[in-house]
Every structure is written in C-alpha cells, then in structure tokens.
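Engineer:
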Amino acid sequence: MAQEWDIKSRSEACTACEKPFLDKQEYYAALAFGEEGYARTDFCGDCWTEHKENSQAYSMWKGVFRMPPPPEDEALQKETAESLLRKLMEDDDPDKINVRYILTIMLERKRILIERDVQIGRDGGKIRVYEHRQTGETFVVPDPSLRLDELEEVQEEVVIMLGGKVPEGKGSKAALEAPDLSDPAELRKHADKVLAETGDDDFEDDD
Ligand SMILES: [Zn+2]
C-alpha cells in the first residue's frame, strides 16, 4: 500500500495549458489519492474554471505562486525543524510518525507551513494536508492523535534531535491530569516549547 505521508512539489507551470506561473500569480492545487500515492496537479485560474467540474480531487485549495529563492549552501545550515522533517519524510520510518507530526506543528507555528485540509485516512485516522508557504510543496502528514503523556516524550526526542538540551527534572506527570489531547492549542504550546528550547523560535510574520 502507498505510504500515507509524502511531500509533493508544486508545479512550475499550469498542468493544463503549461504556461509557467508568474511570481504572485494565484494558482489552484488539487490533490488526488490513487494506488501510487498522492498525485498533485496545479492549474492557472482560467484552466481551473474548466477543470474543477471534472476534478476527482481529494483536497483542493488556492495558493499564491512565489518564485523559488536561490538554493542555500546546505553545508552552512544547521539542523532545523524543517530540514529534520524533510529527512524523516524521506526515511519512511513508521516509528517516527509522532516526531514528524510535532515537527509539522512547529513549522505551522513558524508560519512555514499552512494547513490546507484535513482528511480521514483508510485506517480511520486523520491526515493533515499542509502547504509550504515559500516552495508551495504539499506535506501530507498523518495525525497520530497524541496523548499528553506521549507528547512530553516526543517533545524531548525532538529537542535532542535538533541538538537542544532537555531541562533537568522534566517528567510526564502532567499526563495524569489531561489524558486526552484533542485540543490543538495544547499541542501548539508544546510545539512552541520545542522551538524555544532549540533556539529555533524566530517566528516569521505573515505578509
Ligand atoms: Zn492553465
């Protein structure tokens, strides 16, 4: 079976008329789930009007095309939540589903990712669809519905993976008071804590 997490690039041009997108041009993205995994198509406004009726898409949204920035020198970059998430999504390790999810929330807090849709996967779990604000890539990330006690543990794992230090005496006693983490605000608080502990808390402003 196809994996349930994935990163899909945004096209540089309209799938239908093949005209390259211009900087700041609006585009329409459609994500369909097939046997091979997720397929993404991007349309210009005119072509979208023609195609939306027949679209079998699973998720659809409108975005603004941004010219990709020149590539940075990777050797000079330290590990960030984003570089770590990209690695983990490539590695295909099912044990890292919780870590991937926390990193995704961290990037949402940093306004690097925007949530575009939430779907229910084949196993009944939630699958969240995010878009990278700069590159337009789609990040498809299963939501593991973490409990607070699991969250504390994953949070520490992420801090260590990002080269930060876990403060002494930190435990997961809080879990006893709040066993369920259906409240996304709680999750975001934890994501912010990881960002602060790894010194990766330079939040970007929206434009
Ligand atoms: Zn077009």
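Residues in the sequence shown are numbered from 807 upward in steps of one, following this note's numbering.
Quick reminder that beta carbons are idealized off the backbone N, C-alpha and C, glycines included.
Keep in mind the model is a prediction, meaning the values are calculated, not measured.
For residue 863, verify whether its CB is less than 6 Å away from any heavy atom of ligand 1.
Structural biologist: Flag unset: Cβ of residue 863 not near ligand 1.
Engineer: Rounding to the nearest angstrom, what Cα-Cα distance links residue 960 and residue 903 in this structure?
Structural biologist: Taking the straight line joining both Cα atoms gives about 10 Å.
Engineer: Going by beta carbon distance, what residues of the same chain come within less than 7 Å of residue 998, once the five residues before and after it are set aside?
Structural biologist: Excluding sequence neighbours, residue 998 sits near 915.
Engineer: Identify whether residue 868 lies in helix, strand or coil by the three-state DSSP scheme.
Structural biologist: DSSP places residue 868 in strand when its eight states are reduced to three.
Engineer: Does any heavy atom of ligand 1 sit closer than 6 Å to the C-beta of residue 775?
Structural biologist: For the chain, the structure presents residues 807 to 1013; residue 775 sits outside this window and is missing.
Engineer: Can you list, in chain order, the stretches of the beta strand (DSSP E) that have 3 or more residues and sit fully within the region 869-927?
Structural biologist: The qualifying runs are 919-926.
Engineer: Quick one: measure Cβ to Cβ for residue 924 and residue 964, integer angstroms, because I've assumed they're closer than 8 Å.
Structural biologist: The Cβ separation is near 22 Å, so there is no contact.
Engineer: Grouping DSSP H, G and I as helix and E and B as strand, with all else coil, what is residue 863?
Structural biologist: Residue 863: coil per DSSP, three-state reduction.
Engineer: So, under 8 Å CB-CB, residue 948 and residue 933 are touching, yes? Tell me the CB distance rounded to an integer number of Å.
Structural biologist: Confirmed, about 5 Å.
Engineer: What did DSSP end up calling residue 998 once you bin it into helix, strand or coil?
Structural biologist: Note: residue 998 maps to helix in three-state DSSP.
Engineer: Just checking my contact of residue 816 with residue 852 at CB under 8 Å: how many whole Å lie between their CB atoms?
Structural biologist: Residue 816 to residue 852, Cβ: 18 Å. No contact.
Engineer: How do the region 833-840 and the region 888-896 stand: do at least 3 beta-carbon pairs fall below 8 Å, yes or no?
Structural biologist: No: the two stretches stay apart, fewer than three of their Cβ pairs being nearer than 8 Å.
Engineer: How big is the Cα-Cα spacing for residue 938 and residue 824?
Structural biologist: Roughly 22 Å separates the two Cα atoms.
Engineer: Measuring only the C-alpha atoms, how far is residue 876 from residue 940?
Structural biologist: Whole-angstrom Cα-Cα distance: 12 Å.
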